[in-house]
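Participant: One structure is given below, represented as structure tokens, and several questions about it will come after.
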Amino acid sequence: MANLTLVQAINLALTQEMEADESVVLLGEDVGLNGGVFRVTEGLQQRFGEHRVVDTPLAESGIMGAAIGLAMNGIKSVPEIQFEGFLGPAYDQLVNHAARYRSRSRGAITVPMTVRVPVGGGIHAPELHSDSPEAIYAHTPGLKVVMPSSPYDAKGLLISAIRDPDPVLFFEPKRIYRAFREEVPEDEYTVPIGKAKIVEEGTDVTVVTWGAMTIQCINAMDSLPEDLSVELIDLRTIYPIDVETIVESVSKTGRCVVAHEAPLTAGLGAEISSLVQERCFLHLEAPVQRVTGFDTFMPYYKMELDYLPEAPRVAEAIAACAAY
Amino acid sequence: MANLTLVQAINLALTQEMEADESVVLLGEDVGLNGGVFRVTEGLQQRFGEHRVVDTPLAESGIMGAAIGLAMNGIKSVPEIQFEGFLGPAYDQLVNHAARYRSRSRGAITVPMTVRVPVGGGIHAPELHSDSPEAIYAHTPGLKVVMPSSPYDAKGLLISAIRDPDPVLFFEPKRIYRAFREEVPEDEYTVPIGKAKIVEEGTDVTVVTWGAMTIQCINAMDSLPEDLSVELIDLRTIYPIDVETIVESVSKTGRCVVAHEAPLTAGLGAEISSLVQERCFLHLEAPVQRVTGFDTFMPYYKMELDYLPEAPRVAEAIAACAAY
Amino acid sequence: MPIKVAYQATIEYMQILDEQGGLDAKLARDTLTDDQVVMLYEHMSMCRRLDEIAFKLQRSGRLGTYPQNMGQEAIASVALAARPQDWMVPCYRENAALYLHGLPPEMILLHWMGDERGNQIPEGLNITPMSIPIGSHMLHAAGIGWAARIRGDDQVAFTFFGDGATSEGDFHEACNFAGVMHAPVVFICQNNQWAISTPRSKQTRSETFAQKGIAYGLKVRQVDGNDIFAIFRAAREAVADALKGQPTMIETLTYRLGDHTTADDARRYRDPAELEAARKRDPLIRTRKYLESKDLWSADQEEAMIERNKAQVDDIVARATNIEKPKTTDIFDAMFATIPPELARQRDTMQTNSLGQFPQQETLRRGATAHSPTQSPAHA
Amino acid sequence: MPIKVAYQATIEYMQILDEQGGLDAKLARDTLTDDQVVMLYEHMSMCRRLDEIAFKLQRSGRLGTYPQNMGQEAIASVALAARPQDWMVPCYRENAALYLHGLPPEMILLHWMGDERGNQIPEGLNITPMSIPIGSHMLHAAGIGWAARIRGDDQVAFTFFGDGATSEGDFHEACNFAGVMHAPVVFICQNNQWAISTPRSKQTRSETFAQKGIAYGLKVRQVDGNDIFAIFRAAREAVADALKGQPTMIETLTYRLGDHTTADDARRYRDPAELEAARKRDPLIRTRKYLESKDLWSADQEEAMIERNKAQVDDIVARATNIEKPKTTDIFDAMFATIPPELARQRDTMQTNSLGQFPQQETLRRGATAHSPTQSPAHA
Ligand SMILES: Cc1ncc(C[n+]2csc(CCOP(=O)(O)OP(=O)(O)O)c2C)c(N)n1
Ligand SMILES: Cc1ncc(C[n+]2csc(CCOP(=O)(O)OP(=O)(O)O)c2C)c(N)n1
Ligand SMILES: [Mg+2]
Ligand SMILES: [Mg+2]
């Protein structure tokens with residue numbers, strides 16, 4: 002058991018899976034000697050060699066497409082896309098190929114690939130280094146989409162992802178890469194894909210969130226009146242959504258707030274809100290509230306904190322929902 | 002006034018805008034001599050010359066990126082992407098550049114471009130020729146997204162799109178390219194972007210849909226009991242959504258069904274459902290129902306009609322919603 | 012020396028069997044045996060027959076849009092250069108090579124009949140399904156070849172694409188990856204002069220497609236694409252190079268004798284004279300001429316073969332058409348190794364809307380109704 | 012002739028001003044005047060100073076991540092070959108060229124301070140904002156040049172990118188579009204040997220980056236990228252060619268003397284000896300040597316210039332730092348020419364959740380409460 006950051010927990014998961022299975026191969030821009038621009042793959046090339054931790058040309062479609070080919074021919078590929086904004090050039094390979102091969106070939110060809118991508122805002126980065134595109138990929142059949150909010154979950158989910166026989170998009174919230182530490186077992190363990198986590202139990206309002214927003218929601222709860230009892234759910238998996246956990250909670254609380262960094266319109270909050278309404282209609286005491294980024298781009302960093310739904314905005318929405 | 006198909010109405014709009022404004026330039030794969038694979042641009046190269054109706058290399062990112070550059074330097078570019086499935090390679094240019102230039106340059110650089118893309122299923126086409134990705138682009142700030150369901154609207158909306166100072170994604174539902182004809186004025190007219198159309202007034206259930214699904218919804222209504230009064234709204238514009246029209250309708254009916262071809266999860270139906278819930282909560286008599294494609298790919302065509310939410314499935318949902 | 016040469020390149024074009032059936036004996040040495048040529052001729056003829064029948068099936072509504080392969084059958088030669096363990100990563104105009112590598116021909120028909128089972132490549136066969144997004148699949152070949160190198164497997168990945176496909180960015184990235192990764196890949200550009208209605212001259216300003224390989228340190232060849240000898244020779248050399256970590260780009264100069272697909276009408280954009288000229292370069296004609304000139308083929312044999320091909324193609328068509336309808340549940344079950352609960356619900360109900368699927372809500376509803384027979388004021 | 016030459020190419024490398032400040036007089040003829048060389052030297056020195064100060068600003072928390080341009084200042088020469096109406100479509104390591112083309116230097120600082128106003132290019136200046144997605148902006152240059160051709164405007168589009176950028180598919184598509192459209196475009200690949208930590212050898216297997224232009228029928232040059240004469244000469248020739256419909260690709264051989272950005276530490280992956288060797292090829296050093304050898308520059312002038320540059324850079328920094336904070340409403344108002352109603356609502360409320368924003372619901376709610384003081388049974 003060690004006290005690790007998210008970055009360290011991911012590094013540990015990669016190390017252990019590479020030890021355990023020699024068909025696991027990492028690839029991406031600067032993932033080798035440099036250990037990745039966030040140092041997530043630090044030391045891995047030194048340990049496993051240039052054949053298993055591979056610096057690629059600067060070409061995201063190439064990385065994704067080659068990783069698909071690797072996965073089709075016996076390699077469990079773990080490509081890294083340097084920032085979520087650069088999933089753009091890889092979009093076609095991810096959505097039109099990785100996600101579809103199993104279905105289009107009726108199982109004859111599969112793509113056991115885990116795409117690692119730092120995601121989200123709050124680190125004062127340049128344009129296209131702070132977005133949250135998870136809804137896009139939740140709307141893409143054939144992909145599993147995961148986003149941990151803690152070192153413990155990150156390790157367990159990443160191991161699950163690498164072992165998953167289907168493509169998994171593994172989003173790493175960069176805002177909390179090093180924001181805090183947590184006890185992470187040395188031993189191998191998994192956190193199942195598709196299961197949300199009840200971070201805190203409560204009875205008055207259900208808050209559904211994921212990734213770095215989990216921390217904002219925890220902070221928001223701290224500022225709310227003592228007697229307001231919030232149940233906080235961290236989705237952990239974006240697709241498939243753990244509908245059961247959400248429905249159970251809102252059936253109890255009758256109120257729901259969903260919070261995410263991405264823009265409002267057609268974001269994943271809309272899906273959660275719709276599901277809650279469909280499944281908990283007769284329990285609902287108030288409309289489900291969405292606290293999200295605005296329908297603008299994540300602005301350049303001088304104004305990113307005006308854009309992001311920080312804790313105060315979340316708290317306000319929870320209070321309003323509870324008071325309705 | 003002539004009785005035109007959707008294809009003809011679009012062709013007419015293009016012809017008239019090219020006549021009226023010599024900075025309008027069409028480009029795309031096979032749009033020239035061949036008139037496009039759906040013959041939408043038929044005759045235009047013959048009429049306006051090879052400089053204004055340009056056959057491009059087979060490269061969607063190139064088409065989109067070059068069209069952006071054209072638009073930045075005085076040309077109102079109208080690129081065609083041959084099928085919605087091939088927006089994939091152009092995704093980065095569309096989402097990370099076209100949509101962002103105005104905002105990133107605080108208005109110094111704008112992209113007056115209209116991207117024409119045939120969309121949707123039901124024509125027995127090969128893989129990636131039958132998808133409905135509108136939710137993806139509704140979730141992309143900076144893009145306007147339009148999808149007509151009739152020849153009249155198609156002409157008027159396309160003229161609005163070409164004249165719009167911002168990038169517009171113009172989806173053409175191929176299933177109704179030639180499915181029916183409608184009176185379309187010869188004269189120039191516009192249909193405003195951002196305004197939904199009440200196709201039929203009613204008092205019991207509001208049905209929200211767009212594109213070719215409008216026809217399925219009309220067919221569904223025909224099979225419902227006479228005394229069930231359905232208000233049918235055709236969104237026409239996917240972004241910005243005409244929230245007002247929807248809210249007004251559901252405030253009256255208290256019930257809402259939304260229907261689209263795209264997969265359920267994180268589809269645009271979720272956005273409509275959430276908006277209705279947020280704005281009409283106290284009016285709602287039943288949970289908003291989503292009748293959509295399944296969370297699988299559009300299957301190859303032998304089974305596409307099992308996938309698509311055809312009229313019977315829509316009718317069933319309307320009836321269930323009304324009976325709730 | 013203020014001006015010096017930084018780089019120089021020369022690309023050769025190779026033809027071994029000419030349009031009249033004449034062979035360059037020296038270049039042909041150690042290439043195809045007589046038996047192989049006969050076999051290829053028979054195989055190409057069968058493919059041509061299948062292609063014609065597929066066209067008719069489409070016209071009679073029994074097949075969807077279909078891209079004829081007519082005129083490009085010599086590509087079959089590549090399969091002779093390939094070993095059983097090698098991969099084929101195709102587009103849709105190299106059916107002749109795929110069949111020879113072992114793909115049951117009815118699968119191609121099934122694919123175009125809108126049936127995913129046409130892509131369900133049999134175990135042990137290293138072929139990927141035809142790729143619909145043009146230009147994108149060559150990256151998979153790069154990855155497949157690279158995987159073989161990492162695992163130390165003796166495999167080469169052949170990938171096929173058209174002249175139009177070379178304009179896509181993925182073509183560029185695939186070649187570059189194969190180059191830097193020393194992946195055993197052979198890129199085969201079937202330059203049939205057209206991409207739907209777009210002529211080669213509008214596709215790119217480069218003099219050849221072969222020279223595009225220069226950008227990635229690939230070995231580069233241009234060959235007559237209707238010449239089974241030249242294709243074989245280039246492909247065999249490419250296998251040897253690939254196994255040494257040197258990928259190759261081969262441009263085959265050929266011609267699309269048919270429309271782009273059955274949905275296309277090439278008369279709208281193509282000069283009939285060009286087509287006529289191309290017909291004379293047909294690989295079937297020149298192969299037959301060659302065989303006849305060497306007394307390896309007779310009119311009797313031709314006749315017998317035609318009968319055999321008819322029967323074989325009828326058989327193929329029967330296998331594709333007589334297959335039972337796929338199960339609707341397949342579209343759900345094929346998505347993941349294990350179906351997630353909500354997707355299972357969609358499969359089991361065949362609905363996406365959810366009224367009536369949640370009995371606990373029904374109970375609540377009945378409760379509510381019991382309390383307030385008229386609508387609750389909040390719902391007025 | 013069964014084997015014939017299908018294509019041949021030779022690429023030349025040009026250097027006019029060598030590392031010792033020696034000039035090839037013949038090649039230098041009709042290139043830069045003495046005044047221009049002095050001006051370029053002063054300009055490059057100012058850029059170097061600004062770069063150093065930017066680094067310090069970042070370290071003291073007054074600037075975000077910043078990519079130093081150090082060592083690549085000779086690119087400024089391109090701006091001398093450009094006419095005022097020509098376009099610059101840059102990445103982030105050609106600041107020296109942008110400033111000379113007219114861009115106020117504080118805009119670059121503003122950009123890296125996380126302020127969109129750094130991209131608000133002044134009216135009349137044909138420059139696009141620095142492009143963050145590597146390799147993607149060259150397509151805009153292709154479109155911009157093509158637009159000029161369509162409109163009959165006398166404009167050339169220069170676009171700049173790194174060695175790494177050439178691996179992106181968009182690079183390929185941009186070159187191909189410019190080629191087939193006969194667009195007046197000049198592609199300038201600043202090969203500084205590194206893409207973050209990825210060395211040139213892992214980026215591609217091709218011997219030069221210049222040769223990548225062969226794939227598109229571009230005119231192709233390789234020049235010493237620290238040589239203001241060679242860059243000028245190549246760029247000026249490229250302008251002439253561009254206006255005749257022939258795009259050019261120029262590879263400038265240079266070196267990134269700094270870290271990739273302030274977020275990077277090149278010592279992790281780069282041999283210090285390589286850096287040392289590169290320092291000797293610094294464009295500032297050789298330009299000064301040349302000027303001194305021709306008695307066009309003295310120690311006094313150097314000293315005076317240093318003072319001028321200090322003052323100028325202080326000024327630039329002041330303009331970037333003293334700007335008022337942007338308005339929050341800007342992020343909404345900048346999205347479209349006309350703001351849609353729902354976006355206006357978000358701007359005006361600074362909320363996305365909507366409780367309390369719809370008075371008519373409040374009325375209903377109060378009505379409901381009046382009727383049933385406890386919760387309605389349907390909501391039990
Ligand atoms: C990415 C993408 N864009 C467009 C299409 C539509 N399309 C299908 S085939 C084709 C032309 C292909 O030309 P080429 O690569 O020369 O192959 P050929 O058909 O000549 O064998 C086009 C444009 C597609 N399938 N994929
Ligand atoms: C599409 C994309 N992928 C990755 C990045 C991250 N990134 C920023 S700069 C860079 C290296 C660029 O190298 P090169 O093109 O050689 O330019 P240089 O920095 O050397 O001037 C990378 C990988 C990016 N900005 N855009
Ligand atoms: Mg072709
Ligand atoms: Mg570089």
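Protein chains in written order, with the working numbering: chain X, 2 to 325; chain P, 2 to 325; chain S, 12 to 391; chain W, 12 to 391. Don't be surprised by glycine CBs; every beta carbon is placed ideally from N, CA and C.
Under a three-way DSSP split, which group does residue 387 of chain W fall into?
Facilitator: Legend: pLDDT at residue 387 of chain W = 38, less than 50; position of this residue unreliable, value from coordinates given subsequently. It is coil, neither helix nor strand.
Participant: Using a Cβ-based criterion (distance less than 7 Å to any ligand heavy atom), does residue 329 of chain W qualify as near ligand 1?
Facilitator: no
Participant: Using DSSP bridges, identify the partner residues of residue 55 of chain P.
Facilitator: P:28
Participant: Could you say which of P:123, P:158 and P:128 lies nearest to residue 178 of chain P if we only look at CA atoms?
Facilitator: Across the set P:123, P:158 and P:128, the C-alpha of P:123 shows the shortest separation from the C-alpha of residue 178 of chain P.
Participant: When the cut-off is 8 Å and only beta carbons count, does residue 74 of chain X lie next to chain S?
Facilitator: With a threshold of 8 Å between beta carbons, residue 74 of chain X makes contact with chain S.
Participant: Hey, is residue 385 of chain S's beta-carbon within less than 8 Å of any beta-carbon in chain P?
Facilitator: Unreliable positioning characterises residue 385 of chain S in this predicted model, as indicated by a pLDDT of 38, which lies under 50. The coordinate reading is nonetheless provided below. Answer no: the Cβ-Cβ gap between residue 385 of chain S and chain P never drops below 8 Å.
Participant: Suppose you measure from the CA of residue 314 of chain P to the CA of residue 332 of chain S; what does that come to, to the nearest Å?
Facilitator: 29 Å
Participant: Helix, strand or coil: how does DSSP classify residue 283 of chain S here?
Facilitator: helix
Participant: Could you list which residues in chain X have their beta carbon closer than 7 Å to that of residue 140 of chain P, in chain order?
Facilitator: 136, 137, 264, 266, 267 and 268
Participant: Looking at the structure shown, is residue 34 of chain W part of a helix, part of a strand, or coil, going by DSSP?
Facilitator: strand
Participant: Could you tell me whether the segment 162 to 172 of chain W touches the segment 79 to 99 of chain W, using the rule of 3 or more Cβ pairs below 8 Å?
Facilitator: yes
Participant: Which runs of the alpha helix (DSSP H), 4 residues or longer, sit entirely within the segment 171 to 240 of chain S?
Facilitator: Counting only runs that start and end inside the segment 171 to 240 of chain S, the alpha helix (DSSP H) elements of at least 4 residues fall at 180 to 191 and 211 to 214.
Participant: Determine, using beta carbons only, whether residue 28 of chain P comes closer than 8 Å to chain S.
Facilitator: no
Participant: Let me know the alpha helix (DSSP H) ranges lying completely inside the segment 81 to 162 of chain S, each 4 residues or longer, listed in chain order.
Facilitator: 88 to 92, 106 to 111, 116 to 123 and 149 to 162
Participant: What does the Cβ neighbour count give for residue 349 of chain W, buried or exposed, with the cut at 16 atoms within 10 Å?
Facilitator: exposed
Participant: Indicate the three-state DSSP secondary structure (helix, strand or coil) for residue 24 of chain S in the structure shown.
Facilitator: strand
Participant: Which class does residue 130 of chain X belong to by DSSP, given the choice of helix, strand or coil?
Facilitator: coil
Participant: Give every residue of the same chain whose Cβ lies closer than 6 Å to the Cβ of residue 372 of chain W, excluding the five residues on either side of it in the sequence, and list them in chain order.
Facilitator: Taking C-beta separations shorter than 6 Å and ignoring five residues to either side along the sequence, residue 372 of chain W has no partners in its chain.
Participant: Closer than 7 Å: is that where the CB of residue 267 of chain S sits relative to any heavy atom of ligand 3?
Facilitator: Because some heavy atom of ligand 3 lies under 7 Å away, the Cβ of residue 267 of chain S counts as near it: yes.
Participant: Does residue 11 of chain S come within less than 8 Å of chain W when only Cβ atoms are used?
Facilitator: Residue 11 of chain S is absent from the structure shown; chain S starts at 12 and stops at 391.
Participant: Touching or not, the segment 21 to 33 of chain P and the segment 305 to 314 of chain X, by the rule of three or more beta carbon pairs under 8 Å?
Facilitator: no
Participant: Is there at least one Cβ from chain S nearer than 8 Å to residue 239 of chain X's Cβ?
Facilitator: no
Participant: Which residue from X:322, X:245, X:223 and X:253 puts its Cα closest to that of residue 288 of chain X?
Facilitator: X:322
Participant: Where does residue 301 of chain W sit, in a helix, a strand or coil, going by DSSP?
Facilitator: Three-state result, residue 301 of chain W: helix.
Participant: For the segment 190 to 208 of chain W against the segment 230 to 249 of chain W, are there 3 or more C-beta pairs whose distance is under 8 Å?
Facilitator: yes
Participant: Hey, is residue 1 of chain P's beta-carbon within less than 8 Å of any beta-carbon in chain S?
Facilitator: In the structure displayed, chain P extends from 2 to 325; residue 1 of chain P sits before or after that span and is not available.
Participant: Taking only runs of the alpha helix (DSSP H) that begin and end inside the segment 124 to 209 of chain X, which ones reach a length of at least 4 residues, in chain order?
Facilitator: The qualifying runs are 135 to 139 and 152 to 164.
Participant: What does residue 279 of chain X touch in chain S if you count any residue whose Cβ is under 7 Å from its own?
Facilitator: 365
Participant: How would you write the range of the beta strand (DSSP E) that residue 290 of chain X sits in, first residue to last?
Facilitator: 290 to 294
Participant: Give the range of the beta strand (DSSP E) segment to which residue 240 of chain X is assigned.
Facilitator: 238 to 240
Participant: When you compare only the Cα positions, how much space is there between residue 13 of chain X and residue 129 of chain P?
Facilitator: 39 Å
Participant: With a threshold of 8 Å between beta carbons, is residue 93 of chain P in contact with chain X?
Facilitator: yes
Participant: Per DSSP, residue 77 of chain P forms a beta bridge with which residues?
Facilitator: P:25
Participant: Taking Cβ positions only, does residue 343 of chain W come closer than 8 Å to chain B?
Facilitator: As a matter of chain content, chain B is missing from the structure shown, whose protein chains are X, P, S and W.
Participant: Under 7 Å from any heavy atom of ligand 1, does the C-beta of residue 79 of chain S make it?
Facilitator: For residue 79 of chain S, the CB stays at least 7 Å from every heavy atom of ligand 1.
Participant: Under 8 Å: do the segment 126 to 142 of chain W and the segment 45 to 62 of chain X share three or more Cβ pairs, one atom per stretch?
Facilitator: When Cβ pairs closer than 8 Å are counted between the two stretches, the segment 126 to 142 of chain W is seen not to touch the segment 45 to 62 of chain X, the count staying below three.
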